[in-house]
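First residue of the sequence shown? That's 690 in the UniProt record's numbering, and the numbers climb one at a time after it.
The structure under discussion appears below in the form of structure tokens.
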Amino acid sequence: RAKSGGRNRYALFDPDMLAALVRRTALESALRKAVDEARITCHLQAQVGAAGRVVGAEVLARWHDEAFGTVPPGEFIPLAEACGLIETLGDQVLSLACDRLRAWENEPVLGRLPLSVNVSARQFEQEGFAARVLALAAGVEARLVIELTESVLIDEPQRVIECMQALAAHGVRFSLDDFGTGYSSLAYLKRLPLSELKIDQAFVRDIHRDGNGAAIARTVLALGESLGLAVLAEGVENAEEYHALAQAGCTLFQGYWFGRPEAPDAFEARVREAAAMPA
Ligand code: C2E
Ligand code: MG
Ligand code: MG
Ligand code: MG
């Protein structure tokens, strides 16, 4: 924002704007380096069914930089999308997830768990995306779930739908993330090969006290039921929210109440331990 008039008439940038630009430029080159060196890691967050049993996990990208510290994905994912790094970063996350799925293959409980990976619109729009996913997921397609948001449908819905169909034909499943916060038409729900809707945390927060949130959750659950889709509530932080959701008929949950995102080793240890306990 160039200032006009007053004493700063000749200043092109204000200091805050300049500082933000400098940070962004430095952050971008640090991210480029981290992606080049394949230093992006992943945490896993449990997805649970009735009785708190772990039925899967979401893969969440993590970046720790020496200078910037731990940068949240809410900051580095949009940056990666803006500066052309999301394709490579996204492939790295998919590859980490598929490696885990293969490593679990012969384990009693872990061997049955699907992993859900977030995929950006930019990734879907790439030439050859479906083929690359299939190459990365060879042998574990049936345990790979791709989370997408309604934003993937904004630019090239037909191309995205074809890509999804190609992957679905090989057993890859799709979950619509942050459901209810986008602005795509509900008509798309019928055209997409989805298997799950994720109720956004916005509708889960304080659901036990918020009549509107509860009404929306019940509506999404009913929608899922009539379309034959599983419905998972995300961002469940306490027992009150969990009970209100269960009361509304929800059977799949994810959130701090059931477990924070954690290093894959810790997640695996927890699942093995729970499996070893007598029911
Ligand atoms: P998302 O896919 O909706 O993931 C859920 C976010 O909610 C995660 O934030 C998770 O840590 C957080 N969360 C889980 N349970 C709770 C809870 O009980 N309370 C609260 N307040 N938050 C909870 P995170 O890890 O910071 O990721 C933020 C977003 O960044 C994700 O939202 C997703 O859109 C994006 N993202 C993360 N990893 C990737 C990736 O590998 N690729 C792409 N394209 N996007 C990613
Ligand atoms: Mg997600
Ligand atoms: Mg979400
Ligand atoms: Mg989100």
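C-beta atoms are modelled at their ideal positions from N, C-alpha and C, and glycine is treated no differently.
Nearest to residue i by CA position, among the options, is which residue?
i                 : options                        : result
valine 841        : Val808, Ala827, Asp895, Ala855 : Val808
histidine 732     : Ile766, Asp954, Met966, Ala958 : Asp954
aspartate 780     : Ala820, Gly902, Gly763         : Ala820
asparagine 901    : Ala937, Glu914, Val920         : Ala937
phenylalanine 813 : Gly828, Glu796, Cys852, Glu836 : Cys852
leucine 918       : Ala727, Leu881, Met706         : Leu881
leucine 875       : Asn927, Arg894, Glu764, Gly913 : Gly913
threonine 940     : Ala739, Arg862, Val748         : Ala739
cysteine 787      : Val748, Trp752, Phe818, Ile766 : Val748
Between residue i and residue j, what straight-line distance do the alpha-carbon atoms span, to the nearest angstrom?
i             : j             : result
glutamine 736 : valine 960    : 11 Å
threonine 714 : alanine 708   : 10 Å
residue 976   : glutamate 839 : Coverage of the chain is limited to positions 690 through 968, which leaves residue 976 absent and any answer about it impossible.
proline 704   : arginine 712  : 12 Å
lysine 722    : proline 761   : 17 Å
glutamate 816 : alanine 906   : 36 Å
serine 805    : leucine 916   : 21 Å
leucine 768   : leucine 774   : 8 Å
tyrosine 877  : glycine 828   : 30 Å
residue 975   : glutamate 930 : Lying before the first or after the last residue shown, residue 975 is absent from the chain, which here runs from 690 to 968.
glutamate 764 : alanine 727   : 18 Å
Taking the Cβ atom as the reference point for each residue, do residue i and residue j lie within a distance shorter than 8 Å?
i                 : j              : result
leucine 783       : leucine 825    : yes
leucine 778       : valine 724     : yes
alanine 933       : isoleucine 896 : yes
phenylalanine 947 : glycine 745    : no
leucine 790       : leucine 833    : yes
isoleucine 729    : alanine 756    : no
isoleucine 835    : alanine 810    : no
alanine 964       : proline 797    : yes
Quick one: residues in its chain with C-beta nearer than 7 Å to the C-beta of residue i, no 5 flanking neighbours on either side, listed in chain order?
i                 : result
glycine 860       : Glu830, Ala831
phenylalanine 892 : Gly869, Gly902, Ile905, Ala906
glutamate 957     : Leu799
asparagine 927    : Trp946
Within the same chain, show all residues whose beta-carbon is closer than 6 Å to that of residue i, passing over the 5 residues directly before and after it, in chain order.
i                 : result
phenylalanine 942 : Val737, Ala922, Val925
leucine 865       : Leu883, Leu886
cysteine 772      : Glu717
valine 743        : Ala735, Val737, Val960
leucine 837       : Val808
Here's a check: name, in chain order, each residue in its chain whose Cβ is nearer than 8 Å to the Cβ of residue i, leaving out the five neighbours to either side.
i           : result
leucine 802 : Val743, Val744, Gly745, Ala746, Trp793, Arg832, Val960
valine 909  : Phe868, Gly869, Leu886, Ile888, Phe892, Val920
Q. Looking at C-beta atoms only, is the number of pairs between the stretch 748 to 765 and the stretch 847 to 854 that lie closer than 8 Å three or more?
A. no
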